[in-house]
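Working notes for the structure below.
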Amino acid sequence: MKITIAKLLDVPVDDIHITFAGLNHMSYGMDVHVNGKSRLHEVIALLANSENQLSMKNITPIPWEEEFLKGLGMIPSPYHRYYYKTGEILEKELEEYRQGKTRAEVVKELENQLFELYKDTSLNIKPPQLEQRGGAYYSNVACDLISSIHNDKGDIQTLNVINNGAISNLPNDTVVEVNCVVTKNGPIPLTVGALPPSINGLIQQIKSFELAAIDAAISGSSQKALLALCINPLVTSDLKAKQIMEELLAAHKHYLPQFNN
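Quick note on the UniProt record's numbering: the sequence shown kicks off at 1 and runs consecutively.
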């Protein structure tokens, strides 16, 4: 997100500071500062243009409605399209399925190509196939974090950490995605406060799904697994949830022995 916004504003990436809050793949850009000055409204106006879409290789770049972005007053993650544009995303993915080009099949082919390249021990360039993966820049993120901890930099990075009160309307012991000061002792989350009602409901629902899924995984209860799926907003009925659960448990039974009783 930071790289795309820097390009939209035509400023160096290092001059941008984005305040994030939420969960993994469910965080929002609450504000954007360039050299200390907020430019959030400008960014929202730019993103409302269908030519300036914030997306990733693994997410269909369906344009946001201008009224929605301005009403939201913050920057949604590309993954939010699954929740705010469910019908459109599903239609696109069904078409890919009919063509035999689901994201999983595309990634499988990319992985095959990459592993062939990695057989060459003299390879000293970054394969272009990596740019086609959704996490193309995660290696940079990981190295930045390692460097900041090792060198006690005290810089600010967006990380997944134990809440400890950073987001006041989520449990203290749950994991959140927020800006943190990174020290040699690890990341220290910065206080966000209460999430606004416009995003709190969806985040609470996803967090409830996560916690219910954890409970199901630990207990090996298919009933709890079914309930967890029903909590997820992308699962539209208990019947579909049961079908999904049964297919997943059958496909992965060797890795989920706790459900085999």
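The beta carbon of each residue, even a glycine, is placed where N, CA and C say it ideally should be. Note that this is a predicted model, so its numbers are computed, not measured.
As computed with DSSP, Asn-160 is found in a beta bridge with Glu-177. In chain order, Leu-23, Leu-170, Thr-174 place their CB closer than 7 Å to the CB of Lys-207, counting only its own chain and leaving out the 5 sequence neighbours on each side.
Around the beta carbon of Glu-177, 16 or more other beta carbons lie within 10 angstroms, which makes this residue buried. Counting of Cβ neighbours within 10 angstroms places Ile-3 among the exposed residues, the total staying below 16. For Asp-144, the uninterrupted alpha helix (DSSP H) run begins and ends at 138 to 151, by DSSP.
Taking C-beta atoms as the reference points, Met-74 and Met-30 count as a pair closer than 8 Å. Here the C-alpha atom of Ser-77 lies approximately 12 Å from the C-alpha atom of Ile-5.
Spanning the alpha carbons of Thr-102 and Ile-125 requires a straight line of approximately 28 Å. In the DSSP assignment, Thr-191 is bridged to no other residue. Lys-224 sits away from Val-182, with the two beta carbons spaced by 8 Å or more.
In the three-state scheme derived from DSSP, where H, G and I count as helix and E and B as strand, Ile-59 is classed as coil. Contact annotation, Ala-21 with Val-141: C-beta distance approximately 18 Å; criterion of less than 8 Å not satisfied. Residue nearest to Asn-151 within the set Ala-251, Gly-186, Glu-109, Ala-45 is Gly-186 (criterion: CA-CA distance). Secondary structure within the region 11 to 44: the beta strand (DSSP E) runs of 3 or more consecutive residues, fully enclosed, are 16 to 23, 26 to 34 (chain order). Residue state for Ile-5 is assigned as helix, using DSSP reduced to three classes. 8 Å or more divides the Cβ of Leu-72 from the Cβ of Ser-222.
In this structure, the beta-carbon distance from Val-161 to Cys-143 does not fall below 8 Å. As a beta-bridge residue in DSSP terms, Thr-183 pairs with Gly-186.
Excluding sequence positions up to five before and after Leu-195, its CB lies within less than 7 Å of the CB of Ala-21, Ile-167, Asn-169, Ile-203, all in the same chain and listed in chain order. Contact between the region 209 to 216 and the region 86 to 99 is not established, with fewer than three Cβ pairs separated by less than 8 Å. Per DSSP, the unbroken alpha helix (DSSP H) holding Phe-115 starts and ends at 103 to 118. If you draw a 10 Å sphere on the C-beta of Val-235, you find 16 or more other C-beta atoms in it, and that means buried. The beta carbon of Leu-227 sits closer than 8 Å to those of Ala-212, Ala-216, all from its chain and outside the five residues before and after it, given in chain order.
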